[in-house]
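Going by UniProt numbering, the first residue of the sequence shown is number 1, and it counts up by one from there.
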Amino acid sequence: MSGAVERGRRRGRWIARPVPFPHDLGAVARRLAAAASAGWFWLDGEADGGWSYLGIASEVRVAELRRELEFLTSLREENGSDGRGFFGGWILALGYEFGVGLLGLDPTPDDASPGFALRIDTVLAINEAEGGQSSEVLATPRSTRGCCDLGVRW
1 MSGAVERGRR
11 RGRWIARPVP
21 FPHDLGAVAR
31 RLAAAASAGW
41 FWLDGEADGG
51 WSYLGIASEV
61 RVAELRRELE
71 FLTSLREENG
81 SDGRGFFGGW
91 ILALGYEFGV
101 GLLGLDPTPD
111 DASPGFALRI
121 DTVLAINEAE
131 GGQSSEVLAT
141 PRSTRGCCDL
151 GVRW
């Protein structure tokens, strides 16, 4: 991703817009947590710098024990990604018991779900490798969230 993105430039199925760097990422995260009815995320970059992604989920899906492969298949069928780079789609958190179930073994009984997925339609991408000088909002055409939900302005 480039920080020098033209206003409103299409990036595959995404629309990318440069935005001012939000210097207080903690404040952005708190705003997301307060505004997100479905869920939110913060994928942090490398310690020495790199891209970080923050956003709000438009949908949350919860995995069920003994239906792990069905869960993954349903996400793959709705991905729409070309497989290159991070351009939204689904973010997954899968527990150990999810993997045990995929192997066809009986997982240890647990009240918690073995995993969940967040559908991402709007992302605040921050290039910390460039000293936080580069950030942009990526949104799908179907996105119902504005960048104001992310704590930044177009």
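The beta-carbon is built from N, C-alpha and C at its ideal position, and this holds for glycine as well.
All of these numbers come straight from a predicted model, not from anything done at the bench.
What does a CB cutoff of less than 7 angstroms around residue i pick up in its chain, not counting 5 residues either side in sequence?
{"i": "GLY101", "result": "LEU65, ARG66, GLU68, PRO107 and PRO114"}
{"i": "ALA139", "result": "TRP14, ILE15, ASP121 and THR122"}
{"i": "ALA38", "result": "ALA57, SER58, GLU59 and VAL60"}
Figure out for me which residue from the options has the closest Cα to the Cα of residue i.
{"i": "residue 170", "options": "GLY95, ALA34 and GLU77", "result": "Because the chain here runs from 1 to 154, residue 170 falls outside it and cannot be looked at."}
{"i": "GLU97", "options": "PHE116, LEU43 and ILE91", "result": "PHE116"}
{"i": "LEU92", "options": "ALA36, GLU70, LEU118 and GLU78", "result": "LEU118"}
Express the C-alpha separation of residue j and residue i in angstroms, rounding to a whole number.
{"i": "PHE21", "j": "ASN127", "result": "9 angstroms"}
{"i": "TRP40", "j": "GLY104", "result": "31 angstroms"}
{"i": "SER52", "j": "GLU59", "result": "21 angstroms"}
{"i": "GLY55", "j": "ARG76", "result": "20 angstroms"}
{"i": "TRP42", "j": "ASP110", "result": "26 angstroms"}
{"i": "ARG25", "j": "ALA36", "result": "Reading the sequence as shown, one finds Leu at residue 25 and not Arg. Their backbone Cα atoms lie some 16 angstroms apart in a straight line."}
{"i": "residue 238", "j": "GLU70", "result": "Not covered by the structure: residue 238. The range shown for the chain is 1 to 154."}
For residue i, count the other beta carbons within 10 Å of its own beta carbon; 16 or more makes it buried, fewer makes it exposed. Which is it?
{"i": "GLY85", "result": "With a pLDDT of only 48 at GLY85, under the threshold of 50, the placement of this residue in the model should not be trusted; the figure read from the coordinates follows. Exposed: under 16 other Cβ atoms inside 10 Å."}
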